[in-house]
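A quick write-up on the structure given underneath.
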Amino acid sequence: AKAGKNLVISGFHDMTGDAAMNAELAKNRALSVRDALTSAGVPSSSLELQKPAESTGGAAGSSAEARRVEVAIAG
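Structural data, given as structure tokens:
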């Protein structure tokens, strides 16, 4: 992001518990990563929060891996 690229930040959650609560947890995870990146000097104008089309799931059904944040370079 410091080189002029934008970053897209997306939060995810597992399948257990209340869906609305999980969506809020995923959002808060993404916000925490955004805050950490801005604290590290990444311009907030280079960061975009994006709700993924499918916000659940994980590798091999692992709940721990489903609770994650992904950061992608947007260009």
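For the sequence shown, the residue numbers in the working numbering are 1 to 75.
For every residue, glycine included, the Cβ atom is placed at its ideal position computed from N, Cα and C.
| task | Have a look at K27 and D35 and give me their C-alpha separation to the nearest angstrom. | result | When rounded, the distance between both Cα atoms is 12 Å.
| said: Considering only their Cβ atoms, is the gap separating V8 from V33 smaller than 7 Å? | reply: Note that the C-beta distance between V33 and V8 is not below 7 Å.
| request: Rounded to whole angstroms, what's the CA-CA distance from S46 to A74? Just pull it up for me. | output: CA-to-CA, the gap between S46 and A74 works out to about 9 Å.
| field | Cα-Cα separation, T38 to H13 | value | Their backbone Cα atoms lie some 23 Å apart in a straight line.
| Is it buried or exposed for S139, if we count other Cβ within 10 angstroms and need 16 for buried? | Residue numbering for the chain in the displayed model covers 1 to 75; residue 139 lies beyond these limits and cannot be assessed.
| said: Just to check my reading of the structure: S10 and A30 have Cβ atoms closer than 8 Å, yes? What is that Cβ distance to the nearest angstrom? | reply: So it is a contact: roughly 6 Å between Cβ atoms.
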